[in-house]
Amino acid sequence: MENFVRPVLTLPDSAERLLLHSCCAPCSGEVMEALHASGIDYTVFFYNPNIHPKREYLIRKEENIRFAEQHNVPFVDADYDSDNWFERAKGMEWEPERGVRCTMCFDMRFERTALYAYENNFSMISSSLGISRWKNMQQINDCGIRAASQYPGVKYWDYNWRKQGGSARMIEISKRERFYQQEYCGCIYSLRDSNKHRKSHGRDIIRIGVKYYGDDDTEGAC
1 MENFVRPVLT
11 LPDSAERLLL
21 HSCCAPCSGE
31 VMEALHASGI
41 DYTVFFYNPN
51 IHPKREYLIR
61 KEENIRFAEQ
71 HNVPFVDADY
81 DSDNWFERAK
91 GMEWEPERGV
101 RCTMCFDMRF
111 ERTALYAYEN
121 NFSMISSSLG
131 ISRWKNMQQI
141 NDCGIRAASQ
151 YPGVKYWDYN
161 WRKQGGSARM
171 IEISKRERFY
181 QQEYCGCIYS
191 LRDSNKHRKS
201 HGRDIIRIGV
211 KYYGDDDTEG
221 AC
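Under UniProt numbering, the first residue of the sequence shown carries the number 1, and numbering increases by one thereafter.
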């Protein structure tokens with residue numbers, strides 16, 4: 001990306017280590033490289049029980065593991081816990097994207113992140129979720145702050161990863177690394193609604209595991 005100037009970052013409140021919740025490699029790529037460039041000590045925490053089907057989940061996780069290993073960054077795999085997610089989503093099956101179901105989903109993922117941080121001496125958590133232009137940043141930050149507030153000594157860093165070219169850099173890194181390009185947010189209901197929209201516009205339904213950044217000029221659903 002021409003004329004890109006990545007800001008030098010400093011963890012707030014004199015925190016020494018960051019636990020970074022990652023939703024996927026495309027969203028976390030720029031965040032991870034920005035942290036690395038600033039010399040921040042961080043660990044990637046992968047907990048995304050919303051992702052469906054399991055094949056999609058495994059592809060997204062393996063992509064993230066590959067990128068973390070490439071940067072010698074510790075990676076915590078919190079595993080798939082999908083039954084718990086479906087139990088919490090009951091009654092919200094037809095809620096719209098960015099609605100209460102998404103709030104529940106963010107709460108669930110951040111609560112697990114904050115718990116791990118508390119149990120493993122991380123005083124700061126953050127997430128790659130907010131870099132996506134498809135997400136409501138205020139909704140994400142509210143969930144992160146709420147989760148962190150449950151644990152003494154843990155705070156949520158609400159840094160805006162989109163600013164100063166962050167979102168554009170995210171796409172550039174995804175194309176450079178040829179990351180898997182997911183075409184829906186992740187959950188079964190997002191997949192259902194995305195396919196319904198596609199059918200109504202005469203498009204083919206989503207095919208799992210076939211599309212990668214760099215294959216064309218689209219930006220995916222992250």
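Ideal placement from N, C-alpha and C gives every residue a C-beta, glycine not left out.
Proximity to ILE125 across MET137, ILE145, GLU172 peaks at ILE145, based on C-alpha coordinates. When DSSP reads this structure, THR43 sits in a beta bridge with LEU19. Comparing alpha-carbon positions, the option among SER190, GLU183, PHE122, HIS201 lying closest to THR43 turns out to be PHE122.
In the three-state scheme derived from DSSP, where H, G and I count as helix and E and B as strand, MET92 is classed as coil. Straight through space, the alpha carbons of GLU56 and TRP134 are spaced by roughly 19 Å. With a threshold of 16 other beta carbon atoms within 10 Å, GLY91 falls short and is exposed.
The beta-carbon distance between MET170 and PRO7, rounded to whole angstroms, is 15 Å. This is too long to meet the 8 Å contact definition.
Cβ-Cβ distances below 6 Å link MET137 to GLY130 in the same chain, with the five nearest sequence neighbours on each side left out; the list follows chain order. In this structure, TYR180 keeps its C-beta atom at 7 Å or more from the C-beta atom of LEU191. The beta-bridge partner set that DSSP reports for ILE125 consists of LEU19, TYR156.
Look at PHE86 here: in three-state DSSP terms it is helix.
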